[in-house]
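Engineer: Those sequence lines, one after another, are chains P and W.
For the first sequence, position 397 matches number 535 in my numbering, and the numbering has no gaps at all.
For the second sequence, position 242 matches number 380 in my numbering, and the numbering has no gaps at all.
Note that CB positions come from ideal geometry on N, CA and C, so glycine has one too.
None of these values were measured; they are calculated from a predicted model.
Number of protein chains: 2
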Amino acid sequence: MPSVEIVTIGTELLLGTKLDSNSVHIGAALAEIGLDLYAKHSVGDNEDRLASTLSSALERCDGIITTGGLGPTVDDLTKEAIARALGVQLELHEPSLAALISRLAHSNRPLTENNRRQAVLPAGCVVLENPNGTAPGFIAFRADGRFVAAMPGVPREMRAMLSDSLVPWLRDHFSLRGGIVSRTLHTAGIPESEVDRRIEDLFRLQENPKIAVLAHGGLVDITLMAKVSDRSMAAQLLDPLEKIVRERIGVGIFGSDTDTLEGVIVCELAKRGLTLGFAESCTGGLLTEAIVRTPGASEVLRGSIIAYANDIKEAQLGVPRELLEAHGAVSAECAIAMARGALDKLHVNIAISVTGIAGPAGGTAEKPVGTVYIGIASRDHEAVAHYRFFLGSRSDIRSRSVLAALIILQDEILTMKPTEG
Amino acid sequence: MPSVEIVTIGTELLLGTKLDSNSVHIGAALAEIGLDLYAKHSVGDNEDRLASTLSSALERCDGIITTGGLGPTVDDLTKEAIARALGVQLELHEPSLAALISRLAHSNRPLTENNRRQAVLPAGCVVLENPNGTAPGFIAFRADGRFVAAMPGVPREMRAMLSDSLVPWLRDHFSLRGGIVSRTLHTAGIPESEVDRRIEDLFRLQENPKIAVLAHGGLVDITLMAKVSDRSMAAQLLDPLEKIVRERIGVGIFGSDTDTLEGVIVCELAKRGLTLGFAESCTGGLLTEAIVRTPGASEVLRGSIIAYANDIKEAQLGVPRELLEAHGAVSAECAIAMARGALDKLHVNIAISVTGIAGPAGGTAEKPVGTVYIGIASRDHEAVAHYRFFLGSRSDIRSRSVLAALIILQDEILTMKPTEG
Chain P
139 MPSVEIVTIG TELLLGTKLD SNSVHIGAAL AEIGLDLYAK HSVGDNEDRL ASTLSSALER
199 CDGIITTGGL GPTVDDLTKE AIARALGVQL ELHEPSLAAL ISRLAHSNRP LTENNRRQAV
259 LPAGCVVLEN PNGTAPGFIA FRADGRFVAA MPGVPREMRA MLSDSLVPWL RDHFSLRGGI
319 VSRTLHTAGI PESEVDRRIE DLFRLQENPK IAVLAHGGLV DITLMAKVSD RSMAAQLLDP
379 LEKIVRERIG VGIFGSDTDT LEGVIVCELA KRGLTLGFAE SCTGGLLTEA IVRTPGASEV
439 LRGSIIAYAN DIKEAQLGVP RELLEAHGAV SAECAIAMAR GALDKLHVNI AISVTGIAGP
499 AGGTAEKPVG TVYIGIASRD HEAVAHYRFF LGSRSDIRSR SVLAALIILQ DEILTMKPTE
559 G
Chain W
139 MPSVEIVTIG TELLLGTKLD SNSVHIGAAL AEIGLDLYAK HSVGDNEDRL ASTLSSALER
199 CDGIITTGGL GPTVDDLTKE AIARALGVQL ELHEPSLAAL ISRLAHSNRP LTENNRRQAV
259 LPAGCVVLEN PNGTAPGFIA FRADGRFVAA MPGVPREMRA MLSDSLVPWL RDHFSLRGGI
319 VSRTLHTAGI PESEVDRRIE DLFRLQENPK IAVLAHGGLV DITLMAKVSD RSMAAQLLDP
379 LEKIVRERIG VGIFGSDTDT LEGVIVCELA KRGLTLGFAE SCTGGLLTEA IVRTPGASEV
439 LRGSIIAYAN DIKEAQLGVP RELLEAHGAV SAECAIAMAR GALDKLHVNI AISVTGIAGP
499 AGGTAEKPVG TVYIGIASRD HEAVAHYRFF LGSRSDIRSR SVLAALIILQ DEILTMKPTE
559 G
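1. Grab the span of the beta strand (DSSP E) containing serine 516/P for me, first residue to last.
2. Quick one: is glutamate 345/W near chain P, going by C-beta distance under 8 Å?
3. Mind checking which residues open and close the beta strand (DSSP E) that includes alanine 287/W?
4. Among Ser240/P, Val457/P, Asp282/P, whose alpha-carbon lies nearest the alpha-carbon of threonine 272/P?
5. If contact means a Cβ-Cβ distance below 9 Å, which residues of the segment 146-169 of chain W contact chain P?
6. Would glutamate 427/W count as contacting chain P if we go by Cβ distances under 8 Å?
7. Should glycine 441/W be flagged as near chain P, meaning a C-beta pair shorter than 8 Å?
8. Please report how far the alpha carbon of leucine 376/P lies from the alpha carbon of glycine 393/P, in whole angstroms.
9. Would tyrosine 511/W count as contacting chain P if we go by Cβ distances under 8 Å?
10. Counting only Cβ-Cβ distances shorter than 8 Å, please list the residues of the segment 187-218 of chain W near chain P, keeping chain order.
11. If we ignore side chains and look at the alpha-carbon of each, how far apart do arginine 386/W and serine 539/W end up?
12. Could you list which residues in chain W have their beta carbon closer than 8 Å to that of histidine 324/P, in chain order?
13. Alpha carbon to alpha carbon, how far is alanine 236/P from glutamate 229/P?
14. Just to confirm, are threonine 493/P and cysteine 420/P a CB contact at a threshold of 8 Å?
15. Let me make sure I understand the geometry here. Which of Thr250/W, Leu304/W, Gly441/W, Gly201/W has the alpha-carbon closest to that of aspartate 482/W?
16. List, in order along the chain, the chain W residues whose C-beta lies closer than 8 Å to that of valine 540/P?
17. For leucine 357/P, report the span of its beta strand (DSSP E) as first-last.
18. What do you reckon, are the CB atoms on leucine 266/W and leucine 304/W nearer than 8 Å?
19. Between the alpha carbons of glycine 390/P and leucine 424/P, how many angstroms are there, rounded?
20. Show which residues of chain P have a CB atom less than 9 Å away from the CB atom of tyrosine 176/W.
21. Is alanine 221/W helix, strand or coil when you go by DSSP?
22. Closer than 6 Å by C-beta to alanine 350/W: which residues in its own chain qualify, once you throw out the five before and the five after it? Chain order, please.
23. Just verifying my parser: in three-state terms, what is the DSSP assignment at leucine 208/W?
24. Measure how close the beta-carbons of isoleucine 147/W and aspartate 183/W come, nearest whole angstrom, since I'm counting them as under 8 Å.
25. Assign lysine 97/P to one of two classes, buried (16 or more other C-beta atoms within 10 Å of its C-beta) or exposed (fewer than that).
26. List, in chain order, every chain P residue whose beta-carbon is nearer than 7 Å to that of leucine 484/W.
27. Can you list, in chain order, the residues of its chain with a C-beta nearer than 7 Å to that of valine 212/P? Leave out the 5 residues immediately preceding and following it.
28. Would you list the residues sitting across from arginine 321/P in a DSSP beta bridge?
29. Would DSSP call phenylalanine 312/W helix, strand or coil?
30. For a contact meaning CB atoms closer than 7 Å, what does glycine 422/W contact in chain P?
31. Going along chain W, which residues have a C-beta under 9 Å from alanine 467/P?
32. Please name the residue, chosen from Val510/W, Arg536/W, Asp368/W, Thr149/W, that lies closest to threonine 426/W on a Cα-to-Cα basis.
33. Could you give the first and the last residue of the continuous beta strand (DSSP E) run that contains leucine 412/P?
34. Taking CB distances under 8 Å as the criterion, tell me whether alanine 477/W reaches chain B.
35. Does any residue of chain P bring its CB to less than 8 Å from the CB of isoleucine 546/W?
36. Have a look at the DSSP bridge pairing and note the partners of glutamate 460/P.
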């Protein structure tokens, strides 16, 4: 089995101020084409250390993918180190120089010595074009065929070069027709342990395709992964398994792959011609924001009233003062009244309210931090749900409240008829 | 100069699904105490590859810091690899076993064989206690004194162990009294090029303390860094430089180090006894959310009206229909009317409105995507600002609008008298 390692280059990667997202992105691309990644390394801008890291990695694997150090100021360092590790010379690459000159002429800039150095590349290399920047990438070879593929460190430049040039080259070079093909089913409103329970036997039995369950931010994803020698065979393996999983989980699955809960909600509301509004207290705009950032939101969302202070709940949402005095702002009664107020003031088909104690202060024995009420009102239906989020910071409690509200909203939409409102 | 390398362990770090935040966190801690980090590596759960990575790193540096692979299921692998690389034996560490037994007894759980294995450690190691989990960390030594310090991979466990046990040990072991001490001044409302222009000469002249300017998300940070052999000498180097920078930049500096613009705004409003409300259109809750997530927000923020649809601007904010028809919702006139409406409906001292076209659709030749108006109203002052954010996605334009609104708000607060309202 062919294998590669990744080396990301730049002293800034070692100072604890920057996450190395490039190697994560490359790792995902390699997993997808079924190329084994044995290790990854980050080294500073130091030619000796870089050359030694490259040389020892070349003893362990078939090729190395590097990012960074190709910019006009430090390029000599990376290219020198790569040339040394491979035992090749650096030389002026005429086509790259010509391309650079024509590009600079286009924007009326002169060719500087720094620019010129960017066209100096290892002898015999394959050039990887960089449509988003001036430094080209390249794949250079050792006499025995092992290689170093060098890409720029700017994520936008690197990502385009990876998907458009390097991945196709790697597939071809290693004759990789297969890889890992995955499909993710997103569930909401079912605890991870319950998801596990329902598909536990599939877990145990299946080697290929495999199933992985991942809970994150209150949602649970079920990923089906097929390792195939030819990608066109993936559907044959994944389709029957997906069918079984869907039967076991049911309506808890709200979407797949790139779907989001907000996206599905906006789409379903639009399809049914329904409008939406919110009355938020402790979530303070976070729920509205979750919908607004979703494409298509303007078709369904009319507005929100964020009533952080009690008298705004009264004045803007029509929550009766007596109700607030009798039950408090964090109560089922207030949540219902807020939702009803939003339904009325915002002239929408569905209104959702959130009121709770996100902390760190404000909790009592009866209503501890994490107590949240979510109300829902439509023309012929009103309901309220009560939560106690025991763990987590103020920010966690607010995020969980938003997710709970979205799940309630999604449930409500699924039960509403298309012609209502 | 002593130096170390980091090795993070776990196949999941290579699959492109997980950012390695542990090594970033450790990198920052090492920079702070002035210990050189030469390189960092991630390797999968494979004993041979791990042992070989550790052995070759031990030839280059004085010590290695690892994270991951100490859990009850895979611990043998990491510990075996470390023991092999160092040439020491693994043996049962009685005090760790006793601590584990007493801990399990406390929560009424029996000692399993897996638990017992967690108390097997390299001979002669220093144990690093883990108050947040069951797997202890350790520092094990090669005959020549070079070491491997192993910590768990769970970030919460690792971070506590790093700051409470490993960093003090490293300081002591390498007699590090110095390090890099930095101070960051945050500016808002001044373009990066202008910040550069005003302090350019300091940049060039200064070797120690050094200055770095970093623009991020529309704000510009100025970081002053002093490399000192004794941390108590840092103020002597940083104080005079900070004074000069503050003179050059003036009121554009809104805070330092852990200060945030929202935090400073909430604090200044509370100090002056002023209340705040928003009327948001294209930002859809994002501006309100920025304030709500700030500690102390409930003292100053009363509420917001998110008027995404035009008739909500009319009904809830009192924007005249004729105004909307004559000028459109994205106009200076509408922004002022929205701010005035919020001031009135929410009974606040300062109201800010945002209306604009965040795209991707909705732009015209006259009002292209990126056109944003921000209005401000207080009892005796009204103003509007017009922006065209040319670059960036819908999400970028919305974030930039929020930042612009916060900067306007901060400017307004600075000019208001404490007793107003």
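Structural biologist: Quick answer:
1. Working through the first sequence from its first residue, we reach residue 516/P at position 378. Serine 516/P -> beta strand (DSSP E) spans 509-516.
2. Stepping through the second sequence from its first residue, residue 345/W is reached at position 207. It does not; no Cβ of chain P falls within 8 Å.
3. Walking along the second sequence from the start, residue 287/W turns up at place 149. It spans 285-289 - the beta strand (DSSP E) in which alanine 287/W sits, taken as one unbroken run.
4. Residue numbering aside, residue 272/P sits at position 134 when the first sequence is read from its first letter. Among Ser240/P, Val457/P, Asp282/P, the Cα nearest to that of threonine 272/P belongs to Ser240/P.
5. Leu151, Leu152, Leu153, Gly154, Thr155, Lys156, Leu157, Asp158, Ser159, Ser161, Val162, His163, Ile164, Gly165, Ala166, Ala167, Leu168, Ala169
6. Here residue 427/W corresponds to residue number 289 of the second sequence, with the count starting at 1. Closer than 8 Å to some Cβ of chain P, the Cβ of glutamate 427/W qualifies, so yes.
7. Counting from one through the second sequence, the residue named residue 441/W turns up at place 303. Chain P contact via Cβ: present.
8. Numbered from its first residue, the first sequence carries residue 376/P at position 238. Numbered from its first residue, the first sequence carries residue 393/P at position 255. The straight-line gap from Cα to Cα measures roughly 16 Å.
9. The residue labelled residue 511/W in the question sits at position 373 within the second sequence. So, not an interface residue.
10. Arg187, Ser190, Thr191, Ser194, Arg198
11. The residue given as residue 386/W occupies position 248 in the second sequence. The residue given as residue 539/W occupies position 401 in the second sequence. Put simply, the backbone Cα of arginine 386/W is about 27 Å away from that of serine 539/W.
12. As a first step, residue 324/P is located in the first sequence; it is residue number 186 there, counting from the start. In chain W, no part has a C-beta under 8 Å from the C-beta of histidine 324/P; the shortest such distance is about 15 Å.
13. Sequence index remark: in the first sequence, residue 236/P carries index 98 (1-based). Sequence index remark: in the first sequence, residue 229/P carries index 91 (1-based). So the two alpha carbons sit approximately 14 Å from each other.
14. Reading the first sequence from its first residue, position 355 is the one you call residue 493/P. Reading the first sequence from its first residue, position 282 is the one you call residue 420/P. Contact flag set, yes.
15. Here residue 482/W is taken as the residue at index 344 of the second sequence, counted from 1. That would be Gly441/W, whose Cα lies nearest to the Cα of aspartate 482/W.
16. Here residue 540/P refers to the residue found at position 402 of the first sequence. Going along chain W, no residue has its Cβ under 8 Å from valine 540/P, so there is no contact; the nearest lies around 10 Å.
17. As a position in the first sequence, residue 357/P is number 219, starting the count at 1. Element bounds for leucine 357/P: 357-366.
18. Along the second sequence, one-based indexing puts residue 266/W at 128. Along the second sequence, one-based indexing puts residue 304/W at 166. Yes, they are a contact pair.
19. Looking up residue 390/P in the first sequence gives position 252. Looking up residue 424/P in the first sequence gives position 286. Taking the straight line joining both Cα atoms gives about 23 Å.
20. By one-based count along the second sequence, residue 176/W stands at place 38. Chain P residues near tyrosine 176/W: Leu152, Val181, Gly182, Asn184, Arg187.
21. Numbered from 1 along the second sequence, position 83 holds the residue referred to as residue 221/W. The answer is helix: DSSP assigns alanine 221/W an H, G or I state.
22. Translated into the one-based positions of the second sequence, residue 350/W becomes position 212. These residues qualify, in order along the chain: Thr361.
23. On the second sequence, position 70 is the one that residue 208/W refers to. Coil.
24. Here residue 147/W is taken as the residue at index 9 of the second sequence, counted from 1. Here residue 183/W is taken as the residue at index 45 of the second sequence, counted from 1. At roughly 7 Å, the Cβ-Cβ gap stays under 8 Å, so isoleucine 147/W and aspartate 183/W are in contact.
25. Only positions 139 to 559 of chain P appear in this structure, which leaves residue 97/P out of reach.
26. Walking along the second sequence from the start, residue 484/W turns up at place 346. Among the residues of chain P, those whose CB is under 7 Å from the CB of leucine 484/W are Ile450, following chain order.
27. The residue you call residue 212/P lines up with position 74 of the first sequence. Residue confidence for valine 212/P is low, a pLDDT of 49 falling below 50, so the modelled location carries little weight and cannot support an answer.
28. The count along the first sequence starts at 1 and reaches residue 321/P at position 183. Per DSSP, Leu362/P.
29. As a working mapping, residue 312/W is identified with position 174 in the second sequence. Correct three-state label for phenylalanine 312/W: coil.
30. Indexing the second sequence from 1 puts residue 422/W at position 284. Simply Thr426, Glu427, Val430.
31. Your numbering for residue 467/P matches position 329 in the first sequence. Those do not exist, as alanine 467/P stays about 11 Å from chain W at its closest Cβ, beyond 9 Å.
32. Within the second sequence, numbered from 1, the residue matching residue 426/W stands at position 288. The shortest Cα separation from threonine 426/W among Val510/W, Arg536/W, Asp368/W, Thr149/W belongs to Arg536/W.
33. Position 274 of the first sequence, counted from the start, is the residue given in the question as residue 412/P. Where leucine 412/P is concerned, there is no enclosing beta strand (DSSP E), given that its DSSP letter is neither H nor E.
34. Structure shown: chain B not included; protein chains present are P and W.
35. What you label residue 546/W is simply residue 408 of the second sequence in a count that begins at 1. Chain P contact via Cβ: absent.
36. For the purposes of this step, residue 460/P is identified with residue 322 of the first sequence, where counting begins at 1. Under DSSP, glutamate 460/P forms no beta bridge with any residue.
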